[in-house]
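So the structure is just underneath, and the comments pick up after that.
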Amino acid sequence: MRLSITHRTTYSYDGPVDFGLQQLRLTPKSSGAQRVVSWTTTVTGGRRELCFEDHHANTVELISVDPGTREIEIMSQGELEIEDHHGVHGAHAGHMPLWLFERQTPLTRPGAGCRRLVAGLAPKMGPLERLHALSQAIRDAVEYRTGSSDVRTTVEDAIAAGSGVCQDHAHIFISCARAMGVPARYVSGYLMMDDRVAQEATHAWAEAHLQGLGWVGFDISNAISPDARYVRVATGLDYAEAAPVNGFRYGTANEDLCVALEVRQD
2 MRLSITHRTT YSYDGPVDFG LQQLRLTPKS SGAQRVVSWT TTVTGGRREL CFEDHHANTV
62 ELISVDPGTR EIEIMSQGEL EIEDHHGVHG AHAGHMPLWL FERQTPLTRP GAGCRRLVAG
122 LAPKMGPLER LHALSQAIRD AVEYRTGSSD VRTTVEDAIA AGSGVCQDHA HIFISCARAM
182 GVPARYVSGY LMMDDRVAQE ATHAWAEAHL QGLGWVGFDI SNAISPDARY VRVATGLDYA
242 EAAPVNGFRY GTANEDLCVA LEVRQD
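Residue 2 is where the sequence shown starts when you use the numbering used here, and the numbers rise one by one after that.
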């Protein structure tokens, strides 16, 4: 399947910005089930200072905001060929050893909620079956509800609230998998929806590493493993290491964010 993606992020300010930096993880790579046919990222209102590969082998671009600007626009677009590997991404690669993916972070640190989810799983299951059961248990316990959390929400916050978004589902899965001794990581990317081209935001899911399969994806929010509609862009221990755009700015101007995203099959 060939997918075409157009992703525009616009920051508008009610006054001039003195200085700002944005870190972009918006460039997918050819690996596993996907092959990048073409991809470009352009910036208006700022300039690209450097591009590097981080410790997760993500492509990272550092963008500085032009002094005095009132608007910065980041446009990423391209085409990819995707095959359906039934969620199996494959062997581990990159600069980080597998054991580091068992390390919890402030966003994924487990507490009573995660321990309860793990304890509720039937004991006599194979590793893959157990992770699918975990995915369903999370979906049953934490309802998908847009706007019910933000980037600072922890796994225990989301479990206690009983609601969250794809980011929260992925974090809870990662936390529980690591608590069971399974390496797990966060994935940010794109998902082509079946009923519409325009999307409200990028998507997120989790991957766990299993002997004999390598990294296997679990989209808890949609109760499936990633197929040919999914585009992997960045991975990390949690959202903070795989966020599409993050950064900071100096000045007193208020900010307004607008995201326009389209994912379609060519």
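Ideal Cβ positions, reconstructed from N, Cα and C, are used throughout, including at glycine.
With which residues is Ala206 paired in a DSSP beta bridge?
The residue given as residue 206 occupies position 205 in the sequence shown. First, the amino acid is wrong: residue 206 is Trp here, not Ala. In DSSP, Trp206 forms a bridge with Val188.
What is the DSSP secondary structure of Leu99, counted as helix, strand or coil?
For this step, residue 99 is matched to residue 98 along the sequence shown. DSSP places Leu99 in helix when its eight states are reduced to three.
Could you name the residues of the same chain whose beta carbon sits closer than 7 Å to that of Ala92, not counting the 5 residues immediately before and after it, in chain order?
Within the sequence shown, the letter at position 91 stands for residue 92. Closer than 7 Å at the Cβ level, and outside the excluded window around Ala92, lie Gly215.
Secondary structure, alpha helix (DSSP H): runs of 4+ residues fully inside the stretch 97-148:
113-120 and 128-142
Residue from Arg36, Thr236 and Glu256 with nearest C-alpha to Gly217:
Within the sequence shown, residue 217 is the residue found at index 216, counting from 1. Before going on, a small fix: residue 217 reads as Val here, not Gly. The shortest C-alpha separation from Val217 is found at Thr236.
Bridge partner(s) assigned by DSSP for His172:
What you label residue 172 is simply residue 171 of the sequence shown in a count that begins at 1. For His172, which the question treats as bridged, DSSP gives no partner whatsoever.
8 Å Cβ shell around Gln266 - same chain, five flanking residues per side excluded
Taking the sequence shown and counting its residues from 1, the one referred to as residue 266 is at position 265. Answer for Gln266: Met2, Arg3, Leu4, Ser5 and Met193, listed in chain order.
Among the candidates Ala123, Asp228 and Glu201, whose CA atom is the shortest distance from the CA of Val166?
In the sequence shown, the residue the question calls residue 166 occupies position 165. Of the listed residues, the one whose Cα sits closest to Val166 is Glu201.
In terms of alpha-carbon separation, which member of Ser176, Asp19, Tyr14 and Ile83 lies closest to Val234?
Taking the first residue of the sequence shown as 1, we reach residue 234 at position 233. The candidate whose alpha carbon is nearest that of Val234 is Ile83.
Output the distance between the C-alpha atoms of Leu132 and Ala178, rounded to the nearest integer angstrom.
For this step, residue 132 is matched to residue 131 along the sequence shown. For this step, residue 178 is matched to residue 177 along the sequence shown. Leu132 and Ala178: Cα-Cα distance of roughly 8 Å.
Taking Cβ positions, are Ile225 and Ile173 nearer each other than 8 Å?
Here residue 225 is taken as the residue at index 224 of the sequence shown, counted from 1. Here residue 173 is taken as the residue at index 172 of the sequence shown, counted from 1. The answer is no: Cβ separation not under 8 Å.
So for Glu74, helix, strand or coil by DSSP?
Reading the sequence shown from its first residue, position 73 is the one you call residue 74. Note: Glu74 maps to strand in three-state DSSP.
Measuring only the C-alpha atoms, how far is Asp141 from Gln168?
The residue given as residue 141 occupies position 140 in the sequence shown. The residue given as residue 168 occupies position 167 in the sequence shown. Their backbone Cα atoms lie some 16 Å apart in a straight line.
Based on the DSSP secondary-structure assignment, which residues constitute the bridge partners of Tyr240?
On the sequence shown, residue 240 is found 239 positions in, with the first residue counted as 1. None, per the DSSP bridge assignment.
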